[in-house]
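Colleague: Provided herewith is a single structure, encoded as structure tokens, for subsequent inquiry.
2 protein chains.
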Amino acid sequence: MHPQTAVRSDPIRRPAVPVRSASLAWDGAIDTEVLDQTMQLMGAMMGYPRNSEIFGENEPADYLYKVVSGSVRTYKILNDGRRQIGGFYLPGDIFGLEFADEHTLSAEAIADAKILVIKRSTLNALAGRDASVARQLFALTGRELGRVQDRIMLLIKSAQERVASFLLEMAARVSGGNSIELPMSRQDIADYLGLTIETVSRTLTSLECSATIEVPSSRRIVLRNRLALSRMNG
Amino acid sequence: MHPQTAVRSDPIRRPAVPVRSASLAWDGAIDTEVLDQTMQLMGAMMGYPRNSEIFGENEPADYLYKVVSGSVRTYKILNDGRRQIGGFYLPGDIFGLEFADEHTLSAEAIADAKILVIKRSTLNALAGRDASVARQLFALTGRELGRVQDRIMLLIKSAQERVASFLLEMAARVSGGNSIELPMSRQDIADYLGLTIETVSRTLTSLECSATIEVPSSRRIVLRNRLALSRMNG
DNA sequence: CGACCATTTGATATGGATCAAGCGATGTGG
DNA sequence: CCACATCGCTTGATCCATATCAAATGGTCG
Numbered sequence: 001m002h003p004q005t006a007v008r009s010d011p012i013r014r015p016a017v018p019v020r021s022a023s024l025a026w027d028g029a030i031d032t033e034v035l036d037q038t039m040q041l042m043g044a045m046m047g048y049p050r051n052s053e054i055f056g057e058n059e060p061a062d063y064l065y066k067v068v069s070g071s072v073r074t075y076k077i078l079n080d081g082r083r084q085i086g087g088f089y090l091p092g093d094i095f096g097l098e099f100a101d102e103h104t105l106s107a108e109a110i111a112d113a114k115i116l117v118i119k120r121s122t123l124n125a126l127a128g129r130d131a132s133v134a135r136q137l138f139a140l141t142g143r144e145l146g147r148v149q150d151r152i153m154l155l156i157k158s159a160q161e162r163v164a165s166f167l168l169e170m171a172a173r174v175s176g177g178n179s180i181e182l183p184m185s186r187q188d189i190a191d192y193l194g195l196t197i198e199t200v201s202r203t204l205t206s207l208e209c210s211a212t213i214e215v216p217s218s219r220r221i222v223l224r225n226r227l228a229l230s231r232m233n234g
Numbered sequence: 001m002h003p004q005t006a007v008r009s010d011p012i013r014r015p016a017v018p019v020r021s022a023s024l025a026w027d028g029a030i031d032t033e034v035l036d037q038t039m040q041l042m043g044a045m046m047g048y049p050r051n052s053e054i055f056g057e058n059e060p061a062d063y064l065y066k067v068v069s070g071s072v073r074t075y076k077i078l079n080d081g082r083r084q085i086g087g088f089y090l091p092g093d094i095f096g097l098e099f100a101d102e103h104t105l106s107a108e109a110i111a112d113a114k115i116l117v118i119k120r121s122t123l124n125a126l127a128g129r130d131a132s133v134a135r136q137l138f139a140l141t142g143r144e145l146g147r148v149q150d151r152i153m154l155l156i157k158s159a160q161e162r163v164a165s166f167l168l169e170m171a172a173r174v175s176g177g178n179s180i181e182l183p184m185s186r187q188d189i190a191d192y193l194g195l196t197i198e199t200v201s202r203t204l205t206s207l208e209c210s211a212t213i214e215v216p217s218s219r220r221i222v223l224r225n226r227l228a229l230s231r232m233n234g
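As given, the protein sequences belong to chains Z and V, one line each in that order.
Numbering follows this note's numbering, with no gaps: position 24 of the first sequence is 24.
Numbering follows this note's numbering, with no gaps: position 63 of the second sequence is 63.
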């Protein structure tokens, strides 16, 4: 299933916008407003069923994607068969930004997902005319870089620290207060954190025993003691 | 020691350049030619003795740096005292590109280093006028992102795989054929790979026993069997 | 109900960390 | 020029966190 085959309302030409000459600031405040609008107007809405592939490693990276509903994982299968998850993308998140011609990771829907898809070439051309689009693409990349760097710090820590960080990260992103509804399986979490599913499970159990969290159902986790989790963090 | 105190030849104003309207392509071929020229013309050359700090975590990120000679490590000290090295930068490499107002890592000279320093605001303004500068900054970021993502794949692998990958990476970057002169200590390597110094040492010894590498002196390593190293890679 | 899949729990193995000692290069002072 | 201190690296012995192997439990759907 590929974007070019999408049935959608005709692309609406973005109304001629004066070329903004704002500098390509690589600083601070990230709002992706203009980018979001652009994707709304010029993108195609696609549906991907649970576990379906959105793009595969080594396929040409011709599109940029924005999660509207559902969630997405990017991953890579290593030659020994292990799977490393590159990241999770929740509603509102943008993924598929690549700097080579081909994707270096594959992407799959974790749950049935609606995804806004826009041609890279379209966005690319637009970025040339509208500096705010360029700036937002740049900011997006910077944010992604920051996230990945944080992951590196994570991956040298203990299992408890990794799980604690993961929970705090998720709590911040899904933001339902202290109660998190996890879209992904234990295996996904394990492959994200570089642990085994058993270790993730045991660690959660242990956090539950110490009254740091509650696990009313396997996909739902309630943070009872954020401070304790933060202290584990590093 | 801070860039503003540098003694240097007066900054030469870059000759007025027509605003290039090339699009902000986020694809392919990375040459940093224009960026390099700009830094040559408008940057200040600074000297940093071995082990001196270039910038510290949480300091304002007001400059971009390019290694002319010597080499640099970026790192972060975790709350348990461990040090994680973010990256090594060799002559020709650019570092210090941040997306927050403050540095998230510290940087130190590994060996006496000459470094070209340019104000972020200068470059920023220039990027607004010259799309090729903007494009190169963007490409640079993309390359950094790629590198960091590769590190993540590395950090879930075995000690042998990590060391093998490190050697291949270094061989590609210092590029003296099969003979590598390492600028960094075993401790640096260990902190880069998320291992202990003992494990790094043992792994090198083991690779030497299997005739995969030679270690004529502790800082010099000769790759005898690249294929074997690649196979360990993943 | 029964099959299936995800998750948890239990028992054991192991890779790399930790603790400790030895070695070799480099530099310093007598 | 040589004894000696220092520092970075290697080697050895042991320990422990997490992986691995195996089984039990629980939840979901036909």
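Beta carbons: idealized from backbone N, C-alpha and C, even for Gly.
For the region 74-101 of chain Z, which residues have a CB atom closer than 9 angstroms to at least one CB atom of chain V, in sequence order?
Modeller: Result list: LYS76, LEU78, ASN79, ASP80, ARG82, GLN84, GLY86, LEU97, GLU98, PHE99, ALA100 and ASP101.
Colleague: Express the C-alpha separation of ASP130 of chain V and ASN233 of chain Z in angstroms, rounding to a whole number.
Modeller: One-based indexing of the first sequence puts residue 233 of chain Z at position 233. One-based indexing of the second sequence puts residue 130 of chain V at position 130. C-alpha separation (whole angstroms): 42 angstroms.
Colleague: Contact criterion: CB-CB distance below 7 angstroms. Does THR141 of chain V meet it with respect to chain Z?
Modeller: On the second sequence, position 141 is the one that residue 141 of chain V refers to. True, the Cβ-Cβ gap to chain Z drops below 7 angstroms.
Colleague: Roughly how many angstroms separate the alpha carbons of GLU208 of chain Z and VAL215 of chain Z, rounded to a whole number?
Modeller: By 1-based counting over the first sequence, the position of residue 208 of chain Z is 208. By 1-based counting over the first sequence, the position of residue 215 of chain Z is 215. Between GLU208 of chain Z and VAL215 of chain Z, the C-alpha separation is close to 7 angstroms.
Colleague: Can you tell me whether SER106 of chain V sits near the ligand FAD, meaning its C-beta is under 6 angstroms from at least one heavy atom of the ligand?
Modeller: Because no ligand of any kind appears in the structure shown, any question about the ligand FAD cannot be addressed here.
Colleague: Which whole-angstrom value describes the C-beta separation of LEU155 of chain V and LEU155 of chain Z, a residue pair presumed to lie in contact below a C-beta threshold of 8 angstroms?
Modeller: For this step, residue 155 of chain V is matched to residue 155 along the second sequence. For this step, residue 155 of chain Z is matched to residue 155 along the first sequence. About 4 angstroms; that satisfies the 8 angstroms criterion.
Colleague: Would LEU24 of chain V pass as an interface residue toward chain Z - the criterion being a Cβ-Cβ separation below 7 angstroms?
Modeller: In the second sequence, residue 24 of chain V corresponds to position 24, counting from 1. Note that LEU24 of chain V scores 46 on pLDDT, short of 50, meaning its location in the model is unreliable; the coordinates nonetheless yield the value given after this. Answer yes: the Cβ-Cβ gap between LEU24 of chain V and chain Z drops below 7 angstroms somewhere.
Colleague: If I measure Cβ to Cβ from VAL200 of chain Z and keep anything under 6 angstroms in the same chain, skipping five residues before and after, which residues do I get?
Modeller: Locating residue 200 of chain Z in the first sequence gives position 200, counting from the first residue. Within the same chain, VAL200 of chain Z has close Cβ partners ARG186, ILE189 and ALA190.
Colleague: Determine the contact status of LEU223 of chain Z and ALA171 of chain Z, defining contact as a CB-CB distance below 7 angstroms.
Modeller: As a working note, residue 223 of chain Z is residue 223 in the first sequence. As a working note, residue 171 of chain Z is residue 171 in the first sequence. The answer is yes: Cβ separation under 7 angstroms.
Colleague: Cα-Cα, which of Z:ALA109, Z:ALA139 and Z:GLU57 is closest to ALA100 of chain Z?
Modeller: Residue 100 of chain Z sits at position 100 when you count from the first residue of the first sequence. Comparing Cα positions, the closest option is Z:GLU57.
Colleague: Counting only beta-carbon atoms, is GLN160 of chain V nearer than 7 angstroms to chain Z?
Modeller: One-based indexing of the second sequence puts residue 160 of chain V at position 160. Not one chain Z Cβ lies under 7 angstroms of GLN160 of chain V.
Colleague: Under a Cβ-count criterion, where at least 16 other Cβ atoms within 10 Å of its own Cβ denotes burial, should GLY43 of chain Z be classed as buried or exposed?
Modeller: Indexing the first sequence from 1 puts residue 43 of chain Z at position 43. With 16 or more Cβ atoms within 10 Å of its Cβ, GLY43 of chain Z is classed as buried.
Colleague: In whole angstroms, give me the CA-to-CA distance for LEU126 of chain V and ASP93 of chain V.
Modeller: Stepping through the second sequence from its first residue, residue 126 of chain V is reached at position 126. Stepping through the second sequence from its first residue, residue 93 of chain V is reached at position 93. Cα-Cα distance, rounded: 20 angstroms.
Colleague: Mind checking the region 184-206 of chain V against chain Z and listing, in chain order, the residues whose C-beta falls within less than 7 angstroms of any C-beta there?
Modeller: Hits within the stretch, in order: GLY194.
Colleague: What residues from chain V crowd round THR104 of chain Z, counting only those whose CB sits closer than 9 angstroms?
Modeller: Numbered from its first residue, the first sequence carries residue 104 of chain Z at position 104. Those are GLY146, GLN149 and ASP150, listed as they occur along chain V.
Colleague: If LEU167 of chain Z and ILE180 of chain Z are in contact, beta carbons under 8 angstroms, what's the gap, nearest whole angstrom?
Modeller: Your numbering for residue 167 of chain Z matches position 167 in the first sequence. Your numbering for residue 180 of chain Z matches position 180 in the first sequence. The pair is a contact, with the Cβ atoms about 7 angstroms apart (cut-off 8 angstroms).
Colleague: Nearest CA to the CA of GLY96 of chain Z: which residue from Z:THR196, Z:LEU137, Z:GLY146 and Z:ASN178?
Modeller: Residue mapping note: residue 96 of chain Z aligns to position 96 of the first sequence, counting from 1. Of the listed residues, the one whose Cα sits closest to GLY96 of chain Z is Z:LEU137.
Colleague: To the nearest angstrom, how far is the alpha carbon of LYS173 of chain Z from that of ARG83 of chain V?
Modeller: Residue 173 of chain Z sits at position 173 when you count from the first residue of the first sequence. Residue 83 of chain V sits at position 83 when you count from the first residue of the second sequence. Going by the sequence as given, residue 173 of chain Z is Arg instead of Lys. Answer to the nearest angstrom: the Cα atoms are 28 angstroms apart.
Colleague: From ASP62 of chain V to MET39 of chain V, what does the alpha carbon distance come to, in whole angstroms?
Modeller: The sequence position of residue 62 of chain V within the second sequence is 62, counting from 1. The sequence position of residue 39 of chain V within the second sequence is 39, counting from 1. Using only the alpha carbons, I get a separation of about 14 angstroms.
Colleague: With 7 angstroms as the threshold, decide whether the Cβ of LEU167 of chain V is near any Cβ in chain Z.
Modeller: The count along the second sequence starts at 1 and reaches residue 167 of chain V at position 167. Cβ-Cβ to chain Z under 7 angstroms: no for LEU167 of chain V.
Colleague: Does PHE138 of chain Z have its Cβ less than 7 angstroms from a Cβ in chain V?
Modeller: Indexing the first sequence from 1 puts residue 138 of chain Z at position 138. So, interface residue.
Colleague: Can you tell me whether DSSP reads SER230 of chain V as helix, strand or coil?
Modeller: In the second sequence, the residue the question calls residue 230 of chain V occupies position 230. Residue state, collapsed to three classes: helix.
Colleague: With DSSP as the reference, label ILE156 of chain Z as helix, strand or coil.
Modeller: On the first sequence, residue 156 of chain Z is found 156 positions in, with the first residue counted as 1. Looking at ILE156 of chain Z - three-state DSSP - the assignment turns out to be coil, as it is neither helix nor strand.
Colleague: Does any CB atom of chain Z fall closer than 7 angstroms to the CB of MET153 of chain V?
Modeller: Here the question's residue 153 of chain V lines up with position 153 in the second sequence. Closer than 7 angstroms to some Cβ of chain Z, the Cβ of MET153 of chain V qualifies, so yes.
Colleague: Measuring CB atoms only, is the region 68-75 of chain Z touching the region 101-113 of chain Z, in the sense that at least three cross pairs come out at less than 8 angstroms?
Modeller: Yes: at least three Cβ pairs fall under 8 angstroms.
Colleague: Report the rounded CA-to-CA distance for ASP36 of chain Z versus LEU204 of chain V, giving the unit in angstroms.
Modeller: The residue you call residue 36 of chain Z lines up with position 36 of the first sequence. The residue you call residue 204 of chain V lines up with position 204 of the second sequence. Each residue's Cα considered, the two are about 50 angstroms apart.
Colleague: What does the alpha-carbon distance come out to for the pair TYR192 of chain V and GLU98 of chain Z?
Modeller: The residue labelled residue 192 of chain V in the question sits at position 192 within the second sequence. The residue labelled residue 98 of chain Z in the question sits at position 98 within the first sequence. Near 25 angstroms, if we compare the C-alpha coordinates of GLU98 of chain Z and TYR192 of chain V.
Colleague: Sort out for me which residues DSSP pairs PHE95 of chain Z with in a bridge.
Modeller: The sequence position of residue 95 of chain Z within the first sequence is 95, counting from 1. Paired residues: Z:TYR65.
Colleague: Just curious, the beta strand (DSSP E) that GLY47 of chain V is in, first and last residue?
Modeller: Here residue 47 of chain V refers to the residue found at position 47 of the second sequence. First-last of the beta strand (DSSP E) with GLY47 of chain V: 44-48.
Colleague: Any beta carbon of chain V sitting closer than 7 angstroms to that of ILE180 of chain Z?
Modeller: Taking the first residue of the first sequence as 1, we reach residue 180 of chain Z at position 180. So no, ILE180 of chain Z is outside the interface.
Colleague: Determine, for ARG156 of chain Z, whether the minimum Cβ-Cβ distance to residues of chain V falls below 7 angstroms.
Modeller: If you number the first sequence from 1, residue 156 of chain Z lands on position 156. Note on residue identity: the sequence assigns Ile, not Arg, to residue 156 of chain Z. Yes, because at least one Cβ of chain V sits closer than 7 angstroms to the Cβ of ILE156 of chain Z.
Colleague: Report buried or exposed for ILE115 of chain V, applying the criterion of at least 16 other Cβ atoms within 10 angstroms of its Cβ.
Modeller: The residue labelled residue 115 of chain V in the question sits at position 115 within the second sequence. It is buried - the Cβ of ILE115 of chain V has at least 16 other Cβ atoms within 10 Å.
Colleague: So THR74 of chain Z and ALA107 of chain Z are in contact, right, with Cβ under 8 angstroms, and what is the actual spacing, rounded?
Modeller: Within the first sequence, numbered from 1, the residue matching residue 74 of chain Z stands at position 74. Within the first sequence, numbered from 1, the residue matching residue 107 of chain Z stands at position 107. Confirmed, Cβ separation roughly 5 angstroms.
Colleague: Kindly list, in the order they appear in chain V, the residues whose Cβ is closer than 8 angstroms to that of ALA211 of chain Z.
Modeller: Numbered from its first residue, the first sequence carries residue 211 of chain Z at position 211. By Cβ distance, chain V contributes nothing, its closest Cβ being about 23 angstroms from ALA211 of chain Z, past 8 angstroms.
Colleague: Out of V:ARG135, V:ARG143, V:SER175 and V:ILE77, which one is the CA nearest neighbour of VAL34 of chain V?
Modeller: One-based indexing of the second sequence puts residue 34 of chain V at position 34. Among V:ARG135, V:ARG143, V:SER175 and V:ILE77, the Cα nearest to that of VAL34 of chain V belongs to V:ARG135.
Colleague: Which whole runs of the alpha helix (DSSP H) in the region 163-229 of chain V are 4 residues long or more, in chain order?
Modeller: Segments of the alpha helix (DSSP H) lying fully in the region 163-229 of chain V: 186-193 and 197-209.
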